[in-house]
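Numbering (this note's numbering), first residue to last: 4 to 545.
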């Protein structure tokens, strides 16, 4: 069985820097290393995960979105720890789009078949599933999976780089690698009284054959993982140098604001410009997809003011309103038309036969995400290529959507990832990216910055679904939960999201186990469980 730390690395040198390309349980095709080598700061060398500049700075590829949770620091900690470098050397750049940065952690926390070392079946199944996920190449920052996913990937990547640096030093000093050690960014020869910093070894280290299974540090030897370190992004946020999509300014830029259908989640039937086109500074009023019209102007304020004048009519729809929504949902619950997803034998009998059983009902309305930073995206179409600057929870989906809207091949679309002011799942949506690209295609050669207003973000974003639930249960004589019957009425987030994005997997509204997973996979010890839900299909995006 392939070792948990087994991987294939490839390395080359350019201009005195170290290039490493790493992939856990997969063959790295090298594209990520080449893309990373041509993006970001002009340092001598870079790779899929680590570059080491001649001055000793170590730039870590951050392949997950930074939305305030500190992942730029967390992922760098893993790499710097196993590299055995000093935290003061750590730097970061957001990675380019490449399938090597796929998120395997979204599948059962990276363990879809259990512990891959527990059996041949689990190991082989995990390996095969990694190949599938690598082929799909979905880079997604959701569900607190970034560190879970990175743990099995970045530790060996850092450890392999460390071994390559040791090998380079041993070759230079003509000694055995086993006689050398590392500490705080140096390879040290105690017997010979010599040391070399990582920066001066980088170029030659890149020529070394990567180890197939580098030794990882023991937990008791951690100096960085699990310890307080200064966040890498704090200085730039304090100084105002952190770049968000709304900060991007390009020469000859135009600014766009949108007017949506007045009914949430519906297409536009018609609109009237109401004189907005004649306002000074307005460059045009164009379609921004099926669900929005955009005003393009020479500044954001003019664009927003003009967009406010548009009179937009929605397509006819059986609209949902919040008044009485709970009552309608409870009526569905009373009809008991739920899809039963789990039904342990005897669950209902145990509850009904226990005098002290409890039944409780819960209700939640639609809730907006209310990110600190409203949606914003910059798109620049130059005729045969497209550049997109966006804070997105999936740079790969952003690229795919941009390619689909523009009609360009994916390799002609470049996504520049930025910081984002909060996300909470909202920025895994691609509506604002689609709108920005749609507008940019109508103004070739002119960068377009599309910005939503705060009120638009609250009214026309995606929502946490409205839901009602009824939970019945009882405890046994020891006070442990003996049985739970859980029923809920709500829309399927997974199915709705899959309809809006170029997802390789479509989800059935009537078979979404994610809806009941908190009960189905409860952290509490529960004797018997029965779960089910009543699907709701509505025009409100969730």
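Virtual Cβ for every residue (Gly too), placed ideally from N, Cα, C.
Check                                                                                                                             : Outcome
Neighbourhood of residue 365 by C-beta distance below 6 Å, restricted to the same chain and skipping five residues each side      : 472
Through-space distance from residue 379 to residue 408, alpha-carbon basis                                                        : 17 Å
Where residue 474 falls: helix, strand or coil (DSSP)                                                                             : strand
Unbroken alpha helix (DSSP H) run spanning residue 201, endpoints                                                                 : 201-208
Segment contact, 8 Å Cβ cut-off, at least three pairs: the segment 162-172 with the segment 130-137                               : no
Chain-order list of residues whose beta-carbon lies under 8 Å from that of residue 191 (same chain, five-residue window excluded) : 183, 184, 185, 197 and 198
Residue 540 versus residue 464 - alpha carbon distance                                                                            : 17 Å
Three-state secondary structure (DSSP) of residue 321                                                                             : coil
Cβ distance (whole Å) where residue 397 is taken to contact residue 143 below 8 Å                                                 : 5 Å
Residue burial classification, residue 124 (beta-carbon count within 10 angstroms, cutoff 16)                                     : exposed
Beta-carbon proximity check, residue 296 vs residue 287, cutoff 8 Å                                                               : no
For residue 541, the three-state DSSP class (helix, strand or coil)                                                               : coil
Straight-line gap, residue 95 to residue 61 (C-alpha atoms, nearest Å)                                                            : 8 Å
The segment 86-94 in contact with the segment 240-258 per 3-pair CB rule at 8 Å                                                   : no
Own chain partners of residue 291 with C-beta closer than 6 Å, once the 5 adjacent residues on each side are dropped              : 261, 297, 438, 441 and 442
Residue 257 versus 171, 384 and 232, residue with shortest Cα-Cα distance                                                         : 384
Cα-Cα separation between residue 416 and residue 113, rounded to whole angstroms                                                  : 29 Å
Residues near residue 487 by beta carbon distance below 6 Å, same chain, minus five either side                                   : 476, 529 and 532
DSSP beta-bridge partners of residue 389                                                                                          : 384 and 416
Span separating the alpha-carbon of residue 161 from that of residue 75                                                           : 16 Å
Rounded separation between residue 159 and residue 216 - CA only                                                                  : 8 Å
Range covered by the alpha helix (DSSP H) that runs through residue 440                                                           : 434-443
Contact the segment 309-316 vs the segment 261-278: 3+ CB pairs below 8 Å                                                         : yes
Test item: CB-CB of residue 381 and residue 450 under 8 Å                                                                         : yes
Cβ separation of residue 81 and residue 153, assumed to be a contact under 8 Å, to the nearest whole Å                            : 6 Å
Residue from 513, 312 and 374 whose Cα sits closest to the Cα of residue 426                                                      : 374
Residue 521 - DSSP class collapsed to helix/strand/coil                                                                           : helix
DSSP-derived helix/strand/coil call for residue 82                                                                                : helix
Outcome for residue 28 when other beta-carbon atoms lying within 10 angstroms are tallied against a minimum of 16                 : Residue placement at residue 28 is poorly supported in this model, since its pLDDT is 34, which falls under 50; the coordinates are not used for a value here.
Own chain partners of residue 107 with C-beta closer than 7 Å, once the 5 adjacent residues on each side are dropped              : 113, 133, 136 and 152
Own chain, CB closer than 7 Å to residue 497, minus 5 neighbours either side, in chain order                                      : 510, 515 and 517
Whole-number beta carbon distance between residue 492 and residue 537, since they are thought to touch under 8 Å                  : 4 Å
Whole-angstrom distance between residue 140 and residue 103, CA atom to CA atom                                                   : 7 Å
Contact check, residue 433 vs residue 400, beta carbons under 8 Å                                                                 : yes
Three-state secondary structure (DSSP) of residue 255                                                                             : coil
Between the CA atoms of residue 73 and residue 179 - distance to the nearest angstrom                                             : 40 Å
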